[in-house]
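Asker:
There are 2 protein chains.
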Amino acid sequence: MAHLDLTAAPPRDGAEWPQGAAYMDGAFMPASEARLPASDWGYRRSDVTYDVVGVWDGCFFRLDDHIARFRASMDRLRLRPRESNAEIREILIECVRRSGLRSAYVAMDCLRGTPPPGAPRLPSSARPWLLCQALPWTWVASPEQQRRGVTLMIPEVRRIPMSSFDARVKNFHWGDLTEGLFEAEAEGADFPILLDGDGHVTEGPGFNVFSVSGGVVSSPRSGALEGITRRSVFELCEEIGVPFQQRDISEAEFVAADEIFCATTAGGIWGARRIGERVLGNDAPGPLTEQLRTRYWRRRADGWHATPVTV
Amino acid sequence: MAHLDLTAAPPRDGAEWPQGAAYMDGAFMPASEARLPASDWGYRRSDVTYDVVGVWDGCFFRLDDHIARFRASMDRLRLRPRESNAEIREILIECVRRSGLRSAYVAMDCLRGTPPPGAPRLPSSARPWLLCQALPWTWVASPEQQRRGVTLMIPEVRRIPMSSFDARVKNFHWGDLTEGLFEAEAEGADFPILLDGDGHVTEGPGFNVFSVSGGVVSSPRSGALEGITRRSVFELCEEIGVPFQQRDISEAEFVAADEIFCATTAGGIWGARRIGERVLGNDAPGPLTEQLRTRYWRRRADGWHATPVTV
């Protein structure tokens, strides 16, 4: 397999804000100056939704898909900022332009705001607002972890159920995922994969998961974000003629899979080499995982779903 | 029943920051200047715990109990700020002093902080820090709502289960409570009371609940914050010889109760006059509720569990 170079491109020479650029409710600023009022319910009640789109080598990946999902999340939480989708698109591009970053993690958050004082303090009485940031690229799994394959584990903590919070709305209710990260660290594993209350696999902290068994790619049906990189994985599967499905996956079935891999915006696709006590394959990412991963980055380089950041 | 005057005392004349005072990681400032880095995981992953203690007529209520619970919450989330309990106590008192407020909502938050860049970005690699604020008093239920009694409803959304996040750790994972507030508003009710996945009553947005049936006061055993005002309610019950218990309460039993009331730091004790379609008593708070509520404020005025804010 050809060597995959995952070195993020450096910022443009003479860039205005190479440590990152932000937009807060109408104003652009260096990301380091983006600070939230401590009173905002986006913090104080985690009453906020967000999305993240990646820029690699000067191109957004699936920019409009991310904005569409962000709008669906905002609608679900009844968050209506003043900016239209077209304006959000321009703001994100402008943040990347001003940062001069050619590889960037580009976040869009919509916060509830602060309701006026006096009871009753209702979320409907606040004015939601937009925070956007173009930040230097960060990997969920480092290139070295991706090359070797990561180690996974199943923690005790269970994913917050859909009856309490709709996991399809990208959110900062990370208490379960954070607890899972602590459990993984205590066991010496890289990442936790959380089960739901019925014992089905859901997702990891910030990424979707997939199992490969008998040549079929499976990913959880419920309890996880409807990942846009996951959608891309399914498209890649179609391109190479590999069957895929979304369905309930039990812990036992997941752990016994031929291959396991993960996918997210800030990381693409990467394989696991272990889950709990079990060594997968020869302690390395599996062949289908590597085929998808290589194809993903090659298709990206070809301009797949790309929106160039024109300077 | 004697008239209960719940007018918050005005700030001291010549107060430095009557709109509120804050402490952020070592520095005091007006509350309006307390702004969080958008990168902090306290916001970005709601990786934060908090507590709130009330000041009424120049006295904290159960100050050390709140600090002890705050410490237990921090320990549970492995959040270790540099301040000791004794230092937190001094900081809270100093915030109230500088604000000049004689009735205040005093919040202490411990945020995870921002881990250094580069994968793996683990919560254990961040430095947690403290945000404290003394803000002008706000009521969860207004004095008028308290006088008339509030209207409650049971929403569709379910409280986040203990297996996903320990509700005894005071937290900003309010997505379920916020959804409940929207459901309540759509039905024209004041507040939602959420059930858990088993159909048992848990709590409302920011307050504990109680039912009174056959002269016995009951409050949920699980899935709710271990409220300090709830503890005070139990102490008041003891003082007047009313039996009380913590146990599972089904929706059917709750709705059929003789009386229902609520309790929280920012509101004391207040009764309900309706729940869903059912009118409680004569569409007003019940007699035991009113007895406890009056006694609560009288005991407060007597210096019960009080720590004076010395200027």
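So the sequence lines, in the order shown, correspond to chains D and U.
If you use this note's numbering, the first sequence corresponds to residues 1 to 311, in order.
If you use this note's numbering, the second sequence corresponds to residues 1001 to 1311, in order.
We put the beta carbon where it would ideally sit given N, CA and C, even for glycine.
Predicted model only: the values in this text are computed from it and were never measured.
Residue 191 of chain D and residue 150 of chain D look like a contact to me (Cβ under 8 Å); what is the Cβ gap, rounded to whole Å?
Answerer: 6 Å
Asker: Using 8 Å as the limit for Cβ to Cβ distance, is residue 1079 of chain U near chain D?
Answerer: no
Asker: Quick check on this structure: which residue in D:122, D:215, D:251 and D:100 has the alpha carbon closest to the alpha carbon of residue 153 of chain D?
Answerer: D:251
Asker: Might you give, ordered along the chain, the residues of its own chain that have their beta carbon closer than 7 Å to the beta carbon of residue 1 of chain D, omitting 5 neighbours on each side?
Answerer: Because the pLDDT at residue 1 of chain D is just 46, under 50, the model does not fix this residue reliably, and the value given afterwards should be weighed accordingly. These residues qualify, in order along the chain: 290 and 294.
Asker: How should residue 1275 of chain U be labelled, buried or exposed, when 16 other C-beta atoms within 10 angstroms of its C-beta is the threshold for buried?
Answerer: So residue 1275 of chain U counts as buried.
Asker: Quick check: the region 122-137 of chain D against the region 1182-1198 of chain U, are at least 3 beta-carbon pairs closer than 8 Å?
Answerer: The region 1182-1198 of chain U vs the region 122-137 of chain D: in contact.
Asker: In the DSSP output, what is residue 1261 of chain U paired with across the bridge?
Answerer: U:1210 and U:1271
Asker: Does residue 1 of chain D come within less than 8 Å of chain U when only Cβ atoms are used?
Answerer: Legend: pLDDT at residue 1 of chain D = 46, less than 50; position of this residue unreliable, value from coordinates given subsequently. Not closer than 8 Å to any Cβ of chain U, the Cβ of residue 1 of chain D fails to qualify, so no.
Asker: Check this for me: beta carbons of residue 1159 of chain U and residue 164 of chain D, under 8 Å apart or not?
Answerer: yes
Asker: For the beta strand (DSSP E) containing residue 117 of chain D, name the first residue and the last one.
Answerer: Counting along the chain, residue 117 of chain D falls outside any beta strand (DSSP E), and DSSP gives it neither H nor E.
Asker: At a CB distance below 9 Å, what residues from the region 1119-1131 of chain U approach chain D? Give them in sequence order.
Answerer: 1119, 1120, 1121, 1122, 1123, 1124 and 1131
Asker: Let's test the definition: count the other Cβ atoms within 10 Å of the Cβ of residue 1093 of chain U and tell me whether it reaches 16, buried, or not, exposed.
Answerer: buried
Asker: Give me the Cα-Cα distance between residue 1061 of chain U and residue 1146 of chain U, rounded to the nearest whole angstrom.
Answerer: 20 Å
Asker: Can you check whether the CB of residue 129 of chain D is closer than 8 Å to the CB of residue 81 of chain D?
Answerer: yes
Asker: Spell out whether any CB of chain U is found under 8 Å from the CB atom of residue 38 of chain D.
Answerer: True, the Cβ-Cβ gap to chain U drops below 8 Å.
Asker: If you draw a straight line from the C-alpha of residue 8 of chain D to the C-alpha of residue 96 of chain D, how long is it?
Answerer: If you draw a straight line from the Cα of residue 8 of chain D to the Cα of residue 96 of chain D, it comes to about 15 Å.
Asker: By how many angstroms is the C-alpha of residue 27 of chain D removed from the C-alpha of residue 1074 of chain U?
Answerer: The straight-line gap from Cα to Cα measures roughly 35 Å.
Asker: Quick one: residues in its chain with C-beta nearer than 8 Å to the C-beta of residue 1269 of chain U, no 5 flanking neighbours on either side, listed in chain order?
Answerer: Leaving aside the five residues that flank residue 1269 of chain U on each side, the residues in its chain whose CB is nearer than 8 Å to its CB run, in chain order, 1229, 1233, 1261, 1262, 1263, 1289, 1292, 1293 and 1296.
Asker: Out of curiosity, what's the CA-to-CA distance linking residue 1066 of chain U and residue 1106 of chain U?
Answerer: 10 Å
Asker: To which residues of the same chain is residue 1206 of chain U closer than 7 Å at the C-beta, ignoring the five residues directly before and after it?
Answerer: 1140 and 1264
Asker: So residue 1185 of chain U contacts chain D; which residues on that side make the cut at Cβ distance below 7 Å?
Answerer: Those within 7 Å of residue 1185 of chain U in chain D are 122 and 124.
Asker: The region 1149-1169 of chain U: which residues have C-beta closer than 9 Å to a C-beta of chain D, in chain order?
Answerer: So the list reads 1156, 1157, 1158, 1159, 1160, 1161, 1163, 1164, 1165, 1166 and 1169, given in the order they occur along the chain.
Asker: Once DSSP output is grouped into helix, strand and coil, what is the label at residue 230 of chain D?
Answerer: helix
Asker: Any idea if residue 1243 of chain U is buried or exposed, counting beta-carbon neighbours within 10 angstroms, 16 or more meaning buried?
Answerer: exposed
Asker: Would the beta-carbon of residue 1006 of chain U fall within 8 Å of that of residue 1055 of chain U?
Answerer: Not in contact: residue 1006 of chain U and residue 1055 of chain U (Cβ atoms no closer than 8 Å).
Asker: Ignoring anything shorter than 3 residues or poking outside the region 77-112 of chain D, list the beta strand (DSSP E) runs there in chain order.
Answerer: 104-111
Asker: Roughly how many angstroms separate the alpha carbons of residue 1254 of chain U and residue 200 of chain D, rounded to a whole number?
Answerer: Each residue's Cα considered, the two are about 33 Å apart.
Asker: By the DSSP assignment, the alpha helix (DSSP H) with residue 1297 of chain U in it spans what residues?
Answerer: 1287-1301
Asker: Name the chain U residues whose beta carbon is nearer than 7 Å to that of residue 44 of chain D?
Answerer: 1172
Asker: Would residue 248 of chain D pass as an interface residue toward chain U - the criterion being a Cβ-Cβ separation below 8 Å?
Answerer: no
Asker: Just to confirm my understanding: we take residue 267 of chain D, look at its own chain, exclude 5 residues before and 5 after, and list those with CB closer than 7 Å. What are they?
Answerer: 139, 140, 141 and 207
Asker: So is residue 19 of chain D buried or exposed if we call it buried at 16+ other beta carbons inside 10 Å?
Answerer: exposed
Asker: So what does residue 51 of chain D bridge to, in DSSP terms?
Answerer: Looking at the DSSP output, residue 51 of chain D sits in a beta bridge with D:108.
Asker: Going along the chain, which residues of its own chain have a beta-carbon closer than 7 Å to the beta-carbon of residue 1313 of chain U, five neighbours each way excluded?
Answerer: Lying before the first or after the last residue shown, residue 1313 of chain U is absent from chain U, which here runs from 1001 to 1311.
Asker: What residues are listed by DSSP as bridge partners for residue 1203 of chain U?
Answerer: U:1194
Asker: Grab the span of the alpha helix (DSSP H) containing residue 1178 of chain U for me, first residue to last.
Answerer: 1175-1187
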